[in-house]
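Written below as structure tokens is the structure these notes are about.
This is the structure:
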């Protein structure tokens, strides 16, 4: 179901030959209205793929009729030819659906530098088939078609009062291999204006996808798109919608974390009692990017010194010699000194929680990351070969 | 020779029982004058070990009589007891040598959180033996005693006009395992005032040790100390001394990089034509911290897309779509598009150069890093167990 759960949407996923396996690799999600309201957020990487450059223009007026997505090539750093390919893909979708190409978002994922004539041909020649395959039950096929190294499709649905939200996502957790892009398409049949959708989407992504930092590597192609059909006829309360959207985004974000192929631990870094939420995020992110800590967690080693060494590199407000650090419930560092016996920490479960008490205020944030494993190294050294 | 090459210095390295192997683990380097001028730089991590907190006070007046260094425990996050241990170590050295404890630098390396009574006892009880063992040929023993996972001691000498500079360093390249501290002691018999030593040391470390970024993890204990005995009686030209000191520091820094146990490549990231040197450093550092790129280099994969994705996360001045990237001499990305055939790149040698032309000015900087390997993960997951 996912993106086709809300009324007013159709989707499809077909095989265009971009994946050497012959699996589905081209997806369409269409908003049949009556409204075609939308919002989207994109990677903040300055190295942006051609589909990002295109889609940023499309979303400017808050109106989107369809999203076309492909795996098998990121169409990034492919020059003017690559941008023309993105444009042509939107034109092809426009022609097949009878909508304006300027209302078609384009998303691509795969290797950077891939976007040649054969890539273009595969997409353009198969857009009609994707349009023919559109159906109100097509959400699952679309979710399959955007997978790269994902072990399974990621889908989620949240029900509101008379309306619903559906979403699909791709991404292999570690944001690896191959800078695997995070692509997320979310649909709703609630009645909401574009500005409200934009507010709700930014609020939701800020505390969900933006707090997923598997390996510190930011993609060139990340996109989260939200489309509202208004087909339920129900004007949603904006606060209720925002909460529901955040819940759906958290669900998808945790699915991405849990499908980290190379990972053996899902690590939640909870920073509490920070002076500000920004400080909590800065500290959590610094800790989440410590290769030394991530390798220790892989080895089930509660090496709290690596937590303190990582947060000491930030300029957040705290006294490093006052901090408490707990791992899976055991306070291994108390007020900057060795605390309870580290032998008490059980790191064998996949879920791992590192609780950091900064004792500097009352703000909180959680960053979601993964451990650093042999499989991570293997996946990312072998991907392009 | 190393630190005992310049006239006026004696050194020793003894076994104090801090290393379970029984190897040398306590070192002394003494400046017998006539001058006792000094300068030092320390980790900028806010999580500083007790020896750093102590030594920052010692160096304030530019006068140092001796440095005592131990492996086998970082004495970091060990509270007031740990600070008292550092203080007591300086007192013990002062008593053994007849110098002021306030002129004794203390350096420690090993696991964070290690610094209990037995650690204190091992140091204090063995300082007299280290003092007894002091000799004008003791530099090598001292270099051995500060090793942790280093495969060999790092030493270097540069000859000036009538004076010389000697240095020793420890660090396992990847700044791993266990946040392995970088400790560097440099000696000279040139006649120079403390202020000139400080200027020369900051200038040298800024372009050598500060540009070594093996795994992005900053230690709590890093120290680079420079002592001048004036025993040559030669007033060195400050510019010539500064150049010689920079050459010595570069030599030691590259020895640290090359001894990265887990690493299979030494990677030089040369950023050219940046608008400013700061920009060049920011870009080089961002690229050096991309786990995806580092895993690709491990796999001999010239994955230039990962270079661009990493530099796109910075706010340095450049047009991402104008950049050239060469790997080992092959321009794989030209003006932000695929360049020469990536199959031409030979990444089998240990030395790897990634040249990034930002086309934004005429400033340059090189960051030295290593690849991300299975051995890195293994070393750092298994260290504490």
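Protein chains in written order, with the numbering used here: chain H, 1 to 385; chain E, 1001 to 1385. For glycine and all other residues, C-beta sits at the position ideal for the given N, C-alpha and C. Computed from a prediction, not measured in an experiment: that's the story for all the values here.
Partner residues on chain E for residue 377/H, Cβ-Cβ distance less than 8 Å: Chain E residues near residue 377/H: 1295, 1298, 1372, 1373, 1374, 1376, 1377.
Under the three-state DSSP convention, the category residue 1175/E falls into: Low per-residue confidence applies at residue 1175/E: pLDDT is 47, beneath 50, and the placement is therefore not dependable enough to give any value.
Beta-carbon proximity list for residue 1034/E, same chain, < 6 Å, skipping 5 on both sides: 1230
Element boundaries [beta strand (DSSP E), containing residue 1334/E]: 1330 to 1334
Per DSSP, the bridge partner or partners of residue 28/H: Looking at the DSSP assignment, residue 28/H forms a beta bridge with 12/H, 68/H.
Straight-line Cα distance separating residue 1012/E from residue 1066/E: It is roughly 11 Å from the alpha-carbon of residue 1066/E to the alpha-carbon of residue 1012/E.
Residue range of the alpha helix (DSSP H) that includes residue 1249/E: 1238 to 1258
Residue 1179/E burial status per 10 Å Cβ neighbour count (16 or more: buried): Note that residue 1179/E scores 42 on pLDDT, short of 50, meaning its location in the model is unreliable; the coordinates nonetheless yield the value given after this. With 16 or more other Cβ atoms within 10 Å, it is buried.
Ranges of the beta strand (DSSP E) found wholly within the region 1328 to 1379 of chain E, counting only runs of at least 3: 1330 to 1334, 1351 to 1357, 1363 to 1370
Distance CB(residue 368/H)-CB(residue 189/H) smaller than 9 Å: no
Residues that residue 111/H contacts on chain E, provided the C-beta gap is smaller than 7 Å: 1305
Per-residue contacts from residue 1220/E into chain H (C-beta, under 8 Å): 305, 308, 309, 312
Contact set between residue 290/H and chain E, taken where Cβ atoms lie within less than 7 Å: Per Cβ cutoff of 7 Å: 1217.
Interface partners of residue 1381/E on chain H, CB under 7 Å: 295, 296, 298, 299, 301
Cα-Cα separation between residue 329/H and residue 345/H, rounded to whole angstroms: 8 Å
Below-9 Å beta-carbon distance, residue 1078/E vs any chain H residue: yes
Cα-Cα separation between residue 1185/E and residue 1193/E, rounded to whole angstroms: 18 Å
Buried/exposed call for residue 211/H, threshold 16 Cβ in 10 Å: buried
Span of the alpha helix (DSSP H), counted from its first residue to its last, around residue 1088/E: 1079 to 1097
Residues of the region 1044 to 1055 of chain E whose Cβ lies closer than 9 Å to any Cβ of chain H, in chain order: 1044, 1045, 1046, 1047, 1048
Under 9 Å (Cβ pairs) to chain H, residues found in the region 1328 to 1347 of chain E: 1332, 1333, 1335, 1336, 1337, 1338, 1342
is_contact[residue 175/H, chain E] using C-beta, thresh 9 Å: Residue confidence for residue 175/H is low, a pLDDT of 47 falling below 50, so the modelled location carries little weight and cannot support an answer.
Under 7 Å by beta carbon: chain H residues contacting residue 1320/E: 46, 47
Local Cβ density within 10 Å of residue 177/H, reported as buried at 16 or more and exposed below that: Because the pLDDT of residue 177/H is 36, which lies under 50, any placement of that residue in the model is unreliable, and the question is left without a value.
Extent of the continuous beta strand (DSSP E) to which residue 1187/E belongs: 1183 to 1188
Local conformation of residue 975/E per DSSP, three classes: Lying outside 1001 to 1385, the shown extent of chain E, residue 975/E is not represented and no answer is given.
Nearest-angstrom Cα separation, counted from residue 1309/E out to residue 221/H: 10 Å
Cβ-based burial, residue 1174/E [other Cβ within 10 Å; buried from 16]: Confidence at residue 1174/E is low in this model, with a pLDDT of 42, below 50, so the placement of that residue should be treated as unreliable; the coordinate-derived value is given next. Per the 10 Å Cβ criterion, buried.
Span separating the alpha-carbon of residue 1082/E from that of residue 325/H: 19 Å
contact_flag[the region 1254 to 1272 of chain E, the region 1337 to 1356 of chain E] where n(CB pairs < 8 Å) is 3 or more: yes
Residues near residue 255/H by beta carbon distance below 8 Å, same chain, minus five either side: 154, 156, 169
Among 96/H, 307/H, 91/H, 342/H, nearest to residue 106/H - alpha-carbon criterion: 91/H
Candidates 1234/E, 1048/E, 1021/E, 1075/E: closest to residue 1114/E by CA position: 1075/E
According to DSSP, residues forming a beta bridge with residue 156/H: 167/H
Pairwise C-alpha distance: residue 294/H and residue 1095/E: 44 Å
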